[in-house]
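**Student:** If you scroll down you'll find the structure; I have some questions about it.
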Amino acid sequence: MEAQIFHHALKINQETCYGCTHCMNVCPTEAIRVKEGKAFIYEHKCIDCGMCLKACPVDAIQIEQDDFNSIFNYKHRVALYPSVLTGQFPSKYYASQIASVLLDLGFTHAFEVEHGSDFLKNEIPKYQLESDYKPVISSFCPAIIRLIQVRFPSLAPNVMQLKPPVDIAAEFYRKLLNDKGLKDEDIGIFYITPCAAKIAAIKSPVGESYATINGVINMDFIYNRIFRALKQGMTGTSKLPDQPTLSPDAIKWSLTNGEAVHSKGRSIAIDGVHNAMDFLEQLEDEEISNIDFIEIRACDESCAGGILNTNNRFLTVERLKIRADRYASDSEKASKSNPVFEKEEYLKENSRIGAVKPRSMLKMDEDMARALLKMEKTRKLMCFLPGIDCGACGAPNCQALAEDIVQHKAALSDCVFMQAHMQTHGKMSKDRAYKQIERILGEKRLEKNCKKRGAKDDSNF
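In structure tokens:
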């Protein structure tokens with residue numbers, strides 16, 4: 030059983046938002062609308078990719094995170110950190126130093142999640158052989174899984190039913206501590222995340238009824254604390270943890286092609302949510318065939334481009350490749366000494382997820398007959414709308430406005446071109462048209478305001 034609703038990590042601060050429509054225009058699933066001068070999210074369409082956060086000029090879009098002090102609710106506090114966290118720091122800082130500072134900050138254990146990828150490296154080819162669906166689509170990126178659920182539901186059966194490295198690492202570490210006699214209620218496992226989608230996935234896991242992880246810490250928050258400590262020379266050397274060496278393959282797992290290279294047959298690696306949508310659309314339309322495995326991530330440069338990373342994604346990629354090269358001579362030794370293989374049989378029994386269920390955002394009604402009727406009405410409305418997709422109506426395009434009208438969430442007169450048409454034919458007064466615009470974009474939005482970005486006060490104007 031999986032959660033019945035999506036948890037969302039992205040929130041809009043209504044006090045800061047001024048309805049600029051930047052976020053609405055970049056949202057890949059058309060999940061954002063503007064009403065009364067404020068943006069809001071259609072939660073059933075949102076995939077928590079974070080494109081809106083990147084586009085917002087006033088930082089009105091925020092990402093939730095658990096209170097850091099909540100780690101102290103547990104006697105044994107495990108920090109699961111991804112390799113991209115180490116890539117935020119100059120190469121002179123080692124993973125063991127970063128892990129040591131995490132202990133100084135209050136964690137009792139620190140473990141790099143990509144240790145779980147060495148286990149998956151062996152399991153993915155096995156899964157491909159037994160799967161009835163081709164191509165197999167990686168389950169690594171939660172934003173992509175949600176995208177498939179809501180935008181490409183016919184591809185949901187193709188999603189690999191294997192947990193991603195973070196969940197494998199969490200399963201391993203909890204089992205490790207349990208086997209030492211520690212109680213579950215005393216163990217708190219916290220993931221340091223580079224993106225919003227992974228917060229959402231942990232809070233409402235797809236294909237699972239529960240999460241092994243107790244909480245999430247945003248990477249930009251923890252980065253500042255770690256870097257400050259490293260700059261001050263606080264490397265925690267008195268209690269430097271004995272960190273198992275990560276294999277080069279594991280270090281590069283979260284980068285583009287880090288996963289696909291280990292699959293069987295012909296594989297494709299895609300990054301960037303719009304690239305992903307273009308590819309999935311062609312795949313759904315059967316324009317692409319003869320592919321065995323697809324690695325697909327929502328962020329540009331994969332996890333190195335996560336919205337909670339603080340450093341340049343290209344520098345992060347370079348640093349991780351330098352780190353992988355540094356460990357290249359011990360590659361085989363690192364894989365064999367990976368502690369997750371101590372619990373290999375347990376992980377094999379607990380590494381699967383249930384089938385990913387489609388949650389189509391395109392479905393206009395639960396009743397098929399009514400849904401078809403609404404689709405027909407939408408098409409008829411498109412005959413009247415201009416097809417300019419300007420966004421002034423508070424919807425990202427004319428098609429989205431037509432769908433909103435059919436769902437009684439908008440009116441035909443929300444379109445500024447339809448307003449002009451109605452005024453010309455005496456069906457709408459200028460005063461009503463003005464008020465209609467204010468209802469969408471906010472009061473006094475059409476009045477002179479030199480506080481806007483790029484504006485300059487000129488008394489002669």
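The sequence shown runs 30 to 490 under our numbering. The beta carbon of each residue, even a glycine, is placed where N, CA and C say it ideally should be.
If the criterion is Cβ atoms closer than 8 Å, does the pair Pro111 and Glu59 meet it?
**Tutor:** Not in contact: Pro111 and Glu59 (Cβ atoms no closer than 8 Å).
**Student:** Have a look at the DSSP bridge pairing and note the partners of Val222.
**Tutor:** Residue 222 is actually Thr in this sequence, not Val. Partner(s): Asn247.
**Student:** Let's see if you can read the secondary structure: which residues bound the beta strand (DSSP E) around Ser69?
**Tutor:** Reading off the sequence shown, one finds Phe at residue 69, where the question assumed Ser. Unbroken beta strand (DSSP E) run through Phe69: 67 to 70.
**Student:** If you count every other CB in all the chains shown that lies within 10 Å of the CB of Met397, and 16 or more means buried, which is it?
**Tutor:** With fewer than 16 other Cβ atoms within 10 Å, it is exposed.
**Student:** Grab me the residues of Ala258's own chain with a C-beta within less than 7 Å of its C-beta, minus the 5 sequence neighbours each way, in chain order.
**Tutor:** If we look at Ala258 and ignore the five residues flanking it on each side, its Cβ neighbours are Val130, Asp133.
**Student:** What are the uninterrupted segments assigned as beta strand (DSSP E) that are 3 or more residues long and contained completely in the stretch 117 to 142, given in chain order?
**Tutor:** Those beta strand (DSSP E) runs which fall completely within the stretch 117 to 142 and span 3+ residues are 138 to 141.
**Student:** Between which two residues does the alpha helix (DSSP H) containing Ser146 stretch?
**Tutor:** It spans 144 to 159 - the alpha helix (DSSP H) in which Ser146 sits, taken as one unbroken run.
**Student:** Just to check my reading of the structure: Ala124 and Thr115 have Cβ atoms closer than 8 Å, yes? What is that Cβ distance to the nearest angstrom?
**Tutor:** That belief holds up - the Cβ atoms of Ala124 and Thr115 are roughly 5 Å apart, short of 8 Å.
**Student:** Residues in its own chain within less than 6 Å of Ile320 by CB, not counting five upstream and five downstream?
**Tutor:** If we look at Ile320 and ignore the five residues flanking it on each side, its Cβ neighbours are Pro164, Arg295, Ile297.
**Student:** Roughly how many angstroms lie between the CA atoms of Glu316 and Ala289, to the nearest whole one?
**Tutor:** Each residue's Cα considered, the two are about 21 Å apart.
**Student:** Using a Cβ-Cβ cutoff of less than 7 Å, which residues in the same chain neighbour Val544 once the five nearest sequence positions on both sides are dropped?
**Tutor:** Within the shown structure, residues of the chain are numbered from 30 to 490, placing residue 544 beyond reach of any answer.
**Student:** Where do the ends of the alpha helix (DSSP H) carrying Ser112 lie?
**Tutor:** 112 to 115 is the span of the alpha helix (DSSP H), which, as asked, contains Ser112.
**Student:** Restricting to runs no shorter than 3 residues, where is the beta strand (DSSP E) found entirely within the stretch 80 to 105?
**Tutor:** As far as the stretch 80 to 105 is concerned, its whole beta strand (DSSP E) runs of at least 3 residues are 90 to 92.
**Student:** Exposed or buried, Cys56, counting other C-beta atoms within 10 Å across all chains shown (16 or more means buried)?
**Tutor:** Cys56 comes out buried.
**Student:** For the stretch 74 to 83 against the stretch 212 to 220, are there 3 or more C-beta pairs whose distance is under 8 Å?
**Tutor:** No, the stretch 74 to 83 does not touch the stretch 212 to 220.
**Student:** Please report the residue range of the beta strand (DSSP E) in which Phe322 lies.
**Tutor:** Run containing Phe322: 322 to 326, per the beta strand (DSSP E) assignment.
**Student:** According to DSSP, simplified to helix, strand and coil, what is Met30?
**Tutor:** Unreliable positioning characterises Met30 in this predicted model, as indicated by a pLDDT of 36, which lies under 50. The coordinate reading is nonetheless provided below. The answer is coil: DSSP assigns Met30 none of H, G, I, E or B.
**Student:** Could you tell me which of Tyr252, Ser120, Pro194 sits nearest to Glu152, measuring between CA atoms?
**Tutor:** Out of Tyr252, Ser120, Pro194, Pro194 has the C-alpha closest to the C-alpha of Glu152.
**Student:** How would you write the range of the beta strand (DSSP E) that Val63 sits in, first residue to last?
**Tutor:** Segment 61 to 64, the beta strand (DSSP E) holding Val63.
**Student:** How long is the line joining the alpha carbons of Arg326 and Ala108, rounded to whole angstroms?
**Tutor:** About 24 Å.
**Student:** Helix, strand or coil, according to DSSP, for Ser267 in the structure here?
**Tutor:** Bear in mind that a pLDDT of 46 at Ser267, under 50, signals an unreliable position, so the number given afterwards is only what the model happens to contain. Helix.
**Student:** Does the beta-carbon of Val87 have 16 or more other beta-carbons within 10 angstroms, so that it is buried, or is it exposed?
**Tutor:** Exposed is the call here.
**Student:** Excluding the 5 residues preceding and the 5 following Thr345 in the sequence, name in chain order all residues of the same chain whose CB lies nearer than 7 Å to its CB.
**Tutor:** The residues are Val113, Gly116, Gln117, Ala333, Asn338.
**Student:** Please say whether Ala226 and Cys52 have beta carbons closer to each other than 8 Å?
**Tutor:** The answer is no: Cβ separation not under 8 Å.
**Student:** Would the beta-carbon of Pro234 fall within 8 Å of that of Ala357?
**Tutor:** Cβ distance not < 8 Å, so Pro234 and Ala357 don't count as in contact.
**Student:** Look up Asp300 in the DSSP assignment and say whether it is helix, strand or coil.
**Tutor:** Looking at Asp300 - three-state DSSP - the assignment turns out to be strand.
**Student:** Determine the DSSP secondary structure at Leu191, reduced to helix, strand or coil.
**Tutor:** Of the three classes helix, strand and coil, the one that applies to Leu191 here is strand, per DSSP.
**Student:** Identify whether Ala108 lies in helix, strand or coil by the three-state DSSP scheme.
**Tutor:** In the structure shown, Ala108 sits in a strand (DSSP, three-state: E or B).
**Student:** Just list the beta strand (DSSP E) runs in the stretch 348 to 398, keeping only unbroken ones of 3 residues or longer that don't cross its boundaries, in chain order.
**Tutor:** Counting only runs of 3 or more, we get nothing.
**Student:** In angstroms with no decimal places, state the Cα-to-Cα distance between Ala32 and Lys377.
**Tutor:** Caution applies to Ala32, whose pLDDT of 43 falls short of 50 and renders its modelled position unreliable; the value that the coordinates give is listed next. Roughly 23 Å separates the two Cα atoms.
**Student:** Residues in its own chain within less than 7 Å of Ala229 by CB, not counting five upstream and five downstream?
**Tutor:** If we look at Ala229 and ignore the five residues flanking it on each side, its Cβ neighbours are Phe35, His36, His37, Ala38, Asp77, Pro171.
**Student:** Shortest alpha-carbon distance to Gln436 belongs to which of Lys293, Arg388, Arg399, Lys281?
**Tutor:** That would be Arg399, whose Cα lies nearest to the Cα of Gln436.
**Student:** Ordered along the chain, which non-local residues of its own chain (more than five positions away) have a Cβ less than 8 Å from that of Ile417?
**Tutor:** Result list for Ile417: Cys427, Phe446, in chain order.
**Student:** Can you tell me whether Gly24 is helix, strand or coil according to DSSP?
**Tutor:** Only positions 30 to 490 of the chain appear in the structure, and residue 24 is not among them; the question remains open.
**Student:** Sorted by chain position, which residues of the same chain lie with C-beta nearer than 7 Å to Ser267's C-beta, five sequence neighbours on each side aside?
**Tutor:** Residue confidence is low: Ser267 scores 46 on pLDDT, short of 50, so the model does not pin down where it sits. Its coordinate-derived value is still stated next. Answer for Ser267: no residue qualifies.
**Student:** Need the endpoints of the beta strand (DSSP E) that Ile317 sits in, please.
**Tutor:** Neither: Ile317 is in no beta strand (DSSP E) and is coded neither H nor E.
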